[in-house]
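Trainee:
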Amino acid sequence: MFAIRSSDPILLNACKGFDVIICKMDARHSHIYPYVERSSSFICILGLLAKTEVVMKSGINEDANGNLWRKPTETIGAWQTGVETKSVYMNYDSMSTKVKVKFRNLCDENLENPNLIFIITVCSICPHSRYIEKILKDEATEEKGERARMASFVGAMAIADLVKTTLGPKGMDKILQSTGRGHSVTVTNDGATILKSLHIDNPAAKVLIDISKVQDDEVGDGTTSVVVLAGELLREAEKLVGSKIHPMTIISGYRMAAECARRALLDKVKDNKDDAEKFRSDLMRIAMTTLSSKILSQDKEHFAKLAVDAVMRLKGSTNLESIQIIKKAGGSLKDSFLDEGFILDKKIGLGQPKRIENANILVANTAMDTDKVKIYGARVRVDSMAKVAQIEGAEKEKMREKVQKIIGHGINCFVNRQLIYNFPEELFADAGILAIEHADFDGIERLALVTGGEIASTFDNPESVKLGHCKLIEEIMIGEDKLIHFSGVEMGQACTIVLRGASFHVLDEAERSLHDALCVLSQTVNDSRVLLGGGWPEMVMAKAVDELARKTPGKKSHAIEAFSRALIAIPTTIADNAGLDSAELVAQLRAEHHKEDCNAGIDVITGSVGDMSELGISEAFKVKQAVLLSATEAAEMILRVDEIITCAPRRREDRM
Amino acid sequence: MALAFDEYGRPFIILREQESKSRLRGLDAQKANIAAGVAVSRILRTSLGPKGMDKMLQSPDGDITITNDGATILEQMDVDNQIGKLMVELSRSQDYEIGDGTTGVVVMAGSLLEQAEKLLERGIHPIRVAEGFEISSRIAVDHLEQIAHKFDFSATNIEPLVQTCMTTLSSKIVNRCKRSLAEIAVKSVMAVADLERKDVNLDLIKVEGKVGGKLEDTELIYGIIVDKDMSHPQMPKQIEDAKIAILTCPFEPPKPKTKHKVDIDTVEKFQTLRKQEQQYFDDMVQKCKDVGATLVICQWGFDDEANHLLMHRNLPAVRWVGGVELELIAIATGGRIVPRFQELTPEKLGKAGLVREKAFGTTKDRMLYIEHCANSKAVTIFIRGGNKMMIEETKRSIHDALCVARNLIRNNSIVYGGGAAEISCSIAVEAAADKYPGVEQYAIRAFADALDSVPMALAENSGLQPIETLSAVKAQQIKENNHCCGIDCNDTGTNDMREQNVFETLIGKQQQILLATQVVKMILKIDDVISPSDY
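Chain order of the listed sequences is A and B.
Position 400 of the first sequence, counting from 1, maps to 385 under my numbering, and the rest follow consecutively.
One rule links them: number in my numbering = place in the second sequence (from 1) + 43.
In structure tokens:
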């Protein structure tokens, strides 16, 4: 039992006219209001309580001193101000597990002070108690209405703010340290990577992380923008909810705005698919824009060229698997290069030729250690040493036969996914065949793809197995490592990008950046519509959305206006991150965009408003569209929520 | 109470360990139960209607579900209270039986309980209340029958069905493209429906989702999609006029079930065994080839060698296909599932016009489309969406829409939505109340009040004045004798649901009233709750 000094205006107001209030409280105090209102009937009970001994059910924790109440600061939640605790003497009858409470003294003492309100947990003494013990399971929590909305807004905005500083060409990186063994460190400014590694408990925040992941999978870039935009949309929505606009109205406004923004972009989109020369320069620009916010920005031209070359080889397929990225520490980023052939990170077996011209390659996935008998239950049982030797001989014979069959294909290079033991390796060396063991699965598939061979597992009909071909196989050195290089391959699609860099962190980040660029480019090859960058698309959308807001009657127009503000937040953030005067710049930009056909965007390098088409900053339409749509979708989802029910986390066995 | 005395005055125990059990009796028990039921229904109340809000649920593993589907919310809420669990079951049974209206049924039950409590306070016996409710539920159901409309549709005119599905979808997050989704749902149901028998087997409609793209990309595929790819990366990605062998035996060496051992003790045995093994693989593949299959779909895995042999013989194959999918493929292609290679015959092969592999996005996700099947009675709805939660929610919404369409095919009567049916029932029940002598009259009136709570919640959620709106609509219904007046949730300016095209199925509504009444009756009849106490 404890008392609250009536410093809380809401509570005091509710208790007006009563000297003493007894309320029922459950652990979470969410039920306090209804019972304060009904407290008149409880007053009578108090009269009863004050005179007689009341038997009370225990359901309360007991501490060492016999104080049977939780600490008020724990239970009182929002009303922490001026909490004063009264510890009450209670007889604790262990036999009946019931607690007898003597109220008399306490009541006499405090009845004279009208500013005190008692809050007593009465559980089930009074017959009219509507106490529901609990609906949900232990530790499950429930948040309702405004609080739920608040919790999701706050969580989502926190996530958006977290990645906000990485946006734009002058965005900063984050260091991520894993909690696992080794505390490995990642340095990145890729939104999806940052968010993926966070451990988040807030449900709304998880929605944002999810959209960033999907953005990564679908278009590869814009992972930060989508989260920032969703965060801004929610920030605006919060203000609107604060001014008593129903979330559903906001949602319908956002939907109209998103549709309008999409149309505005479609109007302004450029498509240079027919003009190969221009298309290539578009790709270069997009690649450079994407790379400029990454660690590769120093050598963005070099890497943009690499990426464009690699993607052009794919000829429209979005299968990035045929672009292999090999990371080798050492050298500088500038030393990275694109190789038209295929590089396998393996060594050539001992005593085998280091260089083969006009190679016929057999790509296989077969056991080259001991070829087991696969029939179930077969086992070797012998009774003498001699028989062991015989069977061993037979096994060897079997292997020799297999190798002979393989050699019979007329090959001079054999690549296997599984191990090759010494014995067959020796046989291959004798036949002058290059044998490569233990190429991983991806490597095998890719090699089969580029050389045009098939992955074989049986070798009985050499005439029908398709062999792979390449002009030259040789061992090359990159840094200190020896790699096998297949050049002059048949299929022109595949290529390898070798990344060089000072440290593994740099290489990892470079790979991520390059991957982003490759993804965007490969998507652009399919959907060649292009937009300008540097905040230009956002301003175009904002302008269209603003116009829509003016035309729309009703409360929706507030939401539409808010949408345009959220859009402008992206160029604002870009400018802020670059340390520029964002208010000034964005205002200028707005003014510029008032004219027809304007190409103005933020030129972060000079810190002013510039012509984006002259500066060569472009973005892919597909990326922008995905950002717009999924951010709106996510914001909508979070806005619709009015209750959060969290189940108790599953208990893990402590492994200590 | 747990201690009684026999005729000699000796005490004996009726309820063992009563100290450790908490017990509620009589009116207390009923009130506590009612309070619990009401608390559950209150959670769902805000989710009702086109402007209802969603709930975010975090599972013990941290997964998030965002939904406004009543059954899903309750299922994932981890309800502990006994009566709460009854409400969960209530919503679930509505889901199983009808598939839609899972929120409405709980709200209905909650308001019935609220009304019952008032009656109990007046000293009316719970059983009389229950009987009164029973009578009135019958009145309401009969009345619904009277006001229901027959709804004409045919395989060519599906517009009415689409309209009804749209009503269902409009309360979900997917209402942005409810038109296209409703069409997809109706088309898929029509594709698998047996219009003669008025039966629809929803198992034949597979709902598959893949993250990415946008909701508008959701499509209906007359065929099957399997989330698998070819077993060998170099197999052809597209097969036309495929003849499919559907196998449940692995391409692996045989594993006899009886325990056995093959002992190898001589070199000869070793070699024969080896030969047999090779022969075995060869036979398996040859068998498939012999019957003319051009695609093998297998429930189990392949041995590397077998895999290559398949590839080699130009026989594309898919491995590790799940049992359910296998069945669907068999139904769709008209093939038979073959458990043994020996039993493979040309007649048992399934036929499909086109089988192709399709890749998505920048990751290497691939799916296998089996289209233009011999028997087009199996369809797949393929959902795309911005994130996983969106897809899950869309799946649930589509499920609801499918159920509605199915119900309409079973029974083509509809009533008007937007609370119109409830208001109309309420008026009918109210009018009937006066005819009953006895205490039940009060219960019947209370039932009428409870019926009002659904339109009331609708109005509340849409931001209208609940009492004013409801009384206006009610007055209008009585004055114009027009049972199509409902709550105008979308602010379209008319409250005639016929104009707004807001329909619900008759059986769905009837089921709601019946189920809710049943549960309330059950709760009212409880007068003693004995539960083991935790402390």
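Just so it is clear, CB atoms sit at the ideal spot from N, CA and C, and this is done for glycine as well.
Output needed for B/L245: all residues of its chain with C-beta closer than 7 Å, excluding positions within five of it in sequence on either side, in chain order.
Mentor: Here the set comprises L445 and R449.
Trainee: Would you mind working out which of B/K478, B/E50, B/L100 and B/M151 sits nearest B/L557, comparing C-alpha positions?
Mentor: Looking at the Cα atoms, B/M151 is the closest of the given residues.
Trainee: Give the residues of chain B in contact with A/E439, contact being defined as C-beta atoms less than 7 Å apart.
Mentor: The answer, in chain order, is Q277 and M354.
Trainee: Quick one: which chain B residues come within Cβ less than 7 Å of A/I625?
Mentor: Residue identity check: residue 625 of chain A is Arg in the sequence provided, not Ile. Going along chain B in sequence order, the residues near A/R625 (Cβ under 7 Å) are M96, D97 and I216.
Trainee: Residue range of the beta strand (DSSP E) that A/K129 falls in?
Mentor: That run of the beta strand (DSSP E) goes T126 to K129.
Trainee: Is the beta carbon of B/A71 less than 9 Å from the beta carbon of B/N455?
Mentor: Going by the sequence as given, residue 71 of chain B is Asp instead of Ala. No, the Cβ-Cβ distance between B/D71 and B/N455 is not below 9 Å.
Trainee: By Cβ distance below 7 Å, which residues in the same chain neighbour B/I487 in space, the five residues on each side in sequence not counted?
Mentor: Contacts found: G175, I178, S179, V472, A475, A476 and Y479.
Trainee: Check distances from the C-beta atoms of the segment 520 to 549 of chain B to those of chain A and list, in chain order, the residues that come in under 7 Å.
Mentor: Within the segment 520 to 549 of chain B, no residue has a Cβ that lies closer than 7 Å to any Cβ of chain A.
Trainee: Would you tell me roughly how many angstroms separate the C-alpha atoms of B/D138 and A/V450, rounded to the nearest one?
Mentor: If I take the Cα positions, the gap works out to 56 Å.
Trainee: What three-state label does DSSP hand B/D242 in the structure shown?
Mentor: Of the three classes helix, strand and coil, the one that applies to B/D242 here is strand, per DSSP.
Trainee: Taking Cβ-Cβ distances shorter than 9 Å, what residues in chain B pair up with A/K191?
Mentor: Residues of chain B passing the Cβ test: Q101, G105, D106, I107 and M432.
Trainee: Would DSSP call A/R514 helix, strand or coil?
Mentor: Reduced to three states, the DSSP call for A/R514 is strand.
Trainee: Interface residues of chain C around A/I629 at Cβ under 8 Å?
Mentor: Annotation note: the requested chain C is absent from the structure, which comprises protein chains A and B.
Trainee: Determine the direct distance from the alpha carbon of A/D531 to that of A/H245, and round the result to whole angstroms.
Mentor: First, the residue type needs correcting, since residue 245 of chain A is Cys and not His in the sequence shown. If you take the alpha carbons of A/C245 and A/D531, they lie about 10 Å apart.
Trainee: Any Cβ of chain A within less than 9 Å of the Cβ of B/G255?
Mentor: So, interface residue.
Trainee: Note down the Cα distance separating A/I429 from A/I630, rounded to an integer number of angstroms.
Mentor: Answer to the nearest angstrom: the Cα atoms are 48 Å apart.
Trainee: Cα separation between B/A559 and B/T110?
Mentor: Cα-Cα distance, rounded: 22 Å.
Trainee: To be precise: take each residue of the segment 63 to 77 of chain B, compare its Cβ to all Cβ atoms of chain A, and keep it if any distance is under 9 Å. Which residues remain?
Mentor: Per Cβ criterion, the list reads S63, S65, L67, L70, D71, K74, A75 and I77.
Trainee: Between the C-alpha atoms of A/I602 and A/M524, what's the straight-line distance to the nearest angstrom?
Mentor: C-alpha separation (whole angstroms): 15 Å.
Trainee: Just to make sure I have the definition right: I need the residues of chain A whose C-beta is within less than 7 Å of the C-beta of B/E348. Which are they?
Mentor: Chain A residues near B/E348: S442 and T443.
Trainee: Which one or two residues does DSSP pair with B/Q101 in a beta bridge?
Mentor: DSSP output for B/Q101 lists A/T631 and B/I107 as bridge partner(s).
Trainee: Is it buried or exposed for A/L180, if we count other Cβ within 10 angstroms and need 16 for buried?
Mentor: So A/L180 ends up on the buried side.
Trainee: Please classify A/V170: is it buried, with 16 or more other beta-carbons within 10 angstroms of its beta-carbon, or exposed?
Mentor: That one is exposed.
Trainee: Please list the terminal residues of the continuous beta strand (DSSP E) segment that includes B/C468.
Mentor: Careful: B/C468 lies outside any beta strand (DSSP E), inside the alpha helix (DSSP H) at A463 to A476.
Trainee: Verify the CB distance criterion: does A/D175 have a CB-CB separation below 9 Å to chain B?
Mentor: A/D175 does not count as touching chain B.
Trainee: Taking Cβ positions only, does A/M622 come closer than 9 Å to chain B?
Mentor: For A/M622, the answer is yes, since a Cβ of chain B falls inside 9 Å of its Cβ.
Trainee: What residues in the segment 378 to 395 of chain B have a beta carbon less than 7 Å from any beta carbon of chain A?
Mentor: Taking 7 Å as the Cβ-Cβ cut-off against chain A, none of the residues of the segment 378 to 395 of chain B qualify.
Trainee: Between the alpha carbons of A/K56 and A/T126, how many angstroms are there, rounded?
Mentor: Since pLDDT at A/K56 reaches only 32, below the 50 mark, its modelled position is unreliable, and no value is offered.
Trainee: Taking a contact to mean a Cβ-Cβ separation below 9 Å, would you say B/G153 touches B/S214 in this structure?
Mentor: Result no, Cβ atoms of B/G153 and B/S214 do not sit closer than 9 Å.
Trainee: DSSP three-state label for B/M96, please.
Mentor: Here B/M96 sits in coil by DSSP.
Trainee: Determine whether the beta carbon atoms of B/G255 and B/T423 lie at a separation below 9 Å.
Mentor: Taking 9 Å as the Cβ cut-off, B/G255 and B/T423 do not qualify as a contacting pair.
Trainee: Hey, would you say B/E119 sits closer than 9 Å to B/T108, going by beta carbons?
Mentor: Note that residue 119 of chain B is Gln in the sequence shown, not Glu. Yes, the Cβ-Cβ distance between B/Q119 and B/T108 is below 9 Å.
Trainee: For A/S603, name the three-state secondary structure that DSSP assigns.
Mentor: Looking at A/S603 - three-state DSSP - the assignment turns out to be strand.
Trainee: Report the rounded CA-to-CA distance for A/H578 versus A/K253, giving the unit in angstroms.
Mentor: The straight-line gap from Cα to Cα measures roughly 13 Å.
Trainee: Where do the ends of the beta strand (DSSP E) carrying A/R485 lie?
Mentor: From DSSP, the beta strand (DSSP E) with A/R485 extends over C480 to G486.
Trainee: Return the chain-ordered list of same chain residues with a C-beta closer than 7 Å to the C-beta of B/L356, the five sequence neighbours on each side being excluded.
Mentor: Just to set this straight, residue 356 of chain B is Arg in the shown sequence, not Leu. Result list for B/R356: V328 and K332, in chain order.
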